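These notes are about the structure you will find just below.
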Amino acid sequence: MRPVFILLLVLLMPLSTAFLTVDNSSQYSVNEGREIEITLGDDYWTQANWNELKNNGIYPLRIISPSTVLAWSVSDNIELDLPVEIIEAHSAQYKAGLDGLQPSKGDMLRLVLEPRLPAQAAQQLSQQLAFFSIEMAIEPSLLSSPIPHMIVVEWNYDDAQLFSQLLEIDGILWIEPVLVTSA
Numbered sequence: 001m002r003p004v005f006i007l008l009l010v011l012l013m014p015l016s017t018a019f020l021t022v023d024n025s026s027q028y029s030v031n032e033g034r035e036i037e038i039t040l041g042d043d044y045w046t047q048a049n050w051n052e053l054k055n056n057g058i059y060p061l062r063i064i065s066p067s068t069v070l071a072w073s074v075s076d077n078i079e080l081d082l083p084v085e086i087i088e089a090h091s092a093q094y095k096a097g098l099d100g101l102q103p104s105k106g107d108m109l110r111l112v113l114e115p116r117l118p119a120q121a122a123q124q125l126s127q128q129l130a131f132f133s134i135e136m137a138i139e140p141s142l143l144s145s146p147i148p149h150m151i152v153v154e155w156n157y158d159d160a161q162l163f164s165q166l167l168e169i170d171g172i173l174w175i176e177p178v179l180v181t182s183a
């Protein structure tokens, strides 16, 4: 009887995540951070401007263009002594493989993470990826490096809407399929 119970448990465990849905449409909570794009008026980003962001609790992640920087912010009220325009950051990009299709169940994906993520962003990212049964095996302190880190995972769903929700998670730079190579 015990082997039958264990076999039944092993067979039914994958079904526990089959009906997984994630609602990323809700507004951010007080302690939750987000990616923002900060565009400097008619100027370009200097080290002094970069430090101004850091002094105001904003974590610059990377420069998108000479006048635009991608940053991580926890606050909704951002007041800088610079002439800036602040907008929500774009979703992560999916760099499709040779077939150009969305990933399906069993496909291997490479998630490339934003560089210079602060510890609280790494923790938030880890919690959001857990909704998709993706474990982040990277030490959060390593994510503050200027070099983007990547995670290779197996995609366990056949839902395009669920994949688009994965792309909307802040902290992911892009997602690409792991292509099979052979000689």
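Position 113 of the sequence shown, counted from 1, bears residue number 113 in the working numbering, the numbering being contiguous throughout.
For every residue, glycine included, the Cβ atom is placed at its ideal position computed from N, Cα and C.
Remember, it's a predicted structure, so these values are computed and weren't measured experimentally.
State the start and end residues of the unbroken beta strand (DSSP E) segment that holds residue i.
{"i": "L113", "result": "108-113"}
{"i": "L61", "result": "59-65"}
{"i": "W72", "result": "68-73"}
{"i": "E52", "result": "Run containing E52: none in the beta strand (DSSP E); it sits in the alpha helix (DSSP H), 47-55."}
{"i": "L40", "result": "34-40"}
{"i": "I147", "result": "Per DSSP, I147 belongs to no beta strand (DSSP E) and is neither H nor E."}
{"i": "E85", "result": "84-88"}
To which residues of the same chain is residue i closer than 6 Å at the C-beta, ignoring the five residues directly before and after it?
{"i": "V84", "result": "I38, L40"}
{"i": "V69", "result": "I38, W45, P60, I63"}
{"i": "R110", "result": "M150, V152, E176, V178"}
{"i": "K95", "result": "W174, E176"}
{"i": "A130", "result": "none"}
{"i": "V4", "result": "none"}
{"i": "A121", "result": "G33, W72, G171"}
Where does the unbroken alpha helix (DSSP H) through residue i begin, and where does it stop?
{"i": "L129", "result": "119-130"}
{"i": "L167", "result": "160-167"}
Can you find the residues in the same chain that come closer than 7 Å, C-beta to C-beta, to residue i, ignoring five residues on each side of it along the sequence?
{"i": "H149", "result": "L113, I138, L142, L143"}
{"i": "P146", "result": "P115, R116"}
Just to confirm my understanding: we take residue i, look at its own chain, exclude 5 residues before and 5 after, and list those with CB closer than 8 Å. What are they?
{"i": "T17", "result": "Any reading at T17 is ruled out, since the residue's pLDDT is 47, under 50, leaving its predicted position unreliable."}
{"i": "G57", "result": "S73, V74, S75"}
{"i": "Q27", "result": "Interpretation of Q27 is limited by its pLDDT of 40, a score under 50 that renders its predicted location unreliable; the figure taken from the coordinates is listed afterwards. The answer is none, since no qualifying residue turns up."}
Considering Cα atoms alone, identify which of the options is closest to residue i.
{"i": "D170", "options": "D158, F163, Q128", "result": "Q128"}
{"i": "A71", "options": "V4, E79, A89", "result": "A89"}
{"i": "K105", "options": "I6, L162, E52", "result": "L162"}
{"i": "E79", "options": "L98, A121, K54, Q102", "result": "K54"}
{"i": "A92", "options": "L98, T181, I172, M1", "result": "I172"}
{"i": "D43", "options": "L82, I6, E35, D158", "result": "L82"}
{"i": "I87", "options": "L167, I36, D107", "result": "I36"}
What does DSSP give as the partner residues of residue i in its beta bridges?
{"i": "E176", "result": "R110"}
{"i": "E135", "result": "According to DSSP, which records beta bridges pairwise, E135 is partnered with nothing at all."}
{"i": "E154", "result": "M108"}
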